[in-house]
Structures are given as C-alpha cells and as structure tokens.
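Following: one structure in structure tokens, then a few remarks.
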C-alpha cells in the first residue's frame, strides 16, 4: 500500500483516502463537484488515440462474450437433451433389458377387454374396444383416416399377457 502511495505522490496525485480528496472548483451539470482533476497538455490528438485504443480493446471482449454465450447455449441444449431422454417416472434399465435366455412363447390367445388409447393431451383415439386373437394371426386395424396394418410379434413373454378364464 505504501508503494502505491509513494507512486501517486511522485505523480503529484493525492495519496489519501478517496473521501479525503480535495474538491475541485469545477462542477458537473447537476452541480456535483469533481473529486479529482488531472490537468492535461496532450490535446485532441491524445484523446483520439485513447478512443481508438478503446475501440480495439472492445473486440477481444466481444469475442470472449460470444464464446461464453456459445458455451452456455451448448450447456442448456445438453441439459434439455438429457432431460428429454430421462423423464421422471421412467422404468429402470434393468426392467427394460432384453433377457438373454430363450423367451417362452405364448400358447394362449391375446385377449383385451375395454381397451382405451389416449394421447398426452387427453384425446381418446380408441375407447372401449375389446378383442381376442391368437399370436399366430395377422391383425389389421382400419380407421376413418386410412387403413393401418400392424403385425404382432411372433413371440411374447409369458408375463405380458396371461390368458383369462372364460
């Protein structure tokens, strides 16, 4: 701190606290006094040189801000991507894993009773449908928009659909 005060003293500047600085007889348009007045003899050319240097100084700052903005955009997009593929309430991976052993085939027919299909907005596309078919059959669903063909898998896990007693 003493070295700084000695340096300021060599320049002819006040070395005390900012609140101990002498007031200037000059004032701002609102009436406030200047706290420090440093007389200058450089003239307008020095001011032009300072402004030109300031203009060149802004470019690295702009590049730094652009880099930071790109980094933050990438971080936000990464977080959104992770959030999209890891929604809350998702089944654990162990339950979704395909078993390595032979899958047991269903011998009984597939039976659905009072089936409904609803999208995320709450619109029901299918409501109250009941059907029964054997797993070896090909099934075609026909609606008002266009026929849709859907082939059921040739093998089902025995735990997926248990035959119902009639």
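Residue numbers (the working numbering): 789 to 954. A virtual CB, placed ideally from N, CA and C, is assigned to each residue, including glycine.
Distances from the alpha-carbon of residue 904 to those of 916, 898, 865, 884 put 916 closest. Straight-line measurement puts the Cα of residue 848 at about 48 Å from the Cα of residue 880.
For the set 898, 789, 820, the Cα lying nearest the Cα of residue 922 is the one of 898. A Cβ-Cβ separation of about 25 Å leaves residue 902 out of contact with residue 924 under the 8 Å criterion. According to the DSSP secondary-structure assignment, residue 899 is paired through a beta bridge with 920.
Within the DSSP bridge table, the entry for residue 912 names 906 as partners. In this model, residue 820 and residue 801 are separated by some 21 Å (Cα to Cα). As far as DSSP is concerned, residue 803 takes part in no beta bridge.
Following the DSSP letters along the chain, one finds residue 797 inside the alpha helix (DSSP H) bounded by residues 790-798.
The beta carbons of residue 812 and residue 803 sit about 17 Å from each other, so the pair does not count as a contact at 8 Å.
For residue 881, the enclosing alpha helix (DSSP H) stretches over residues 881-884.
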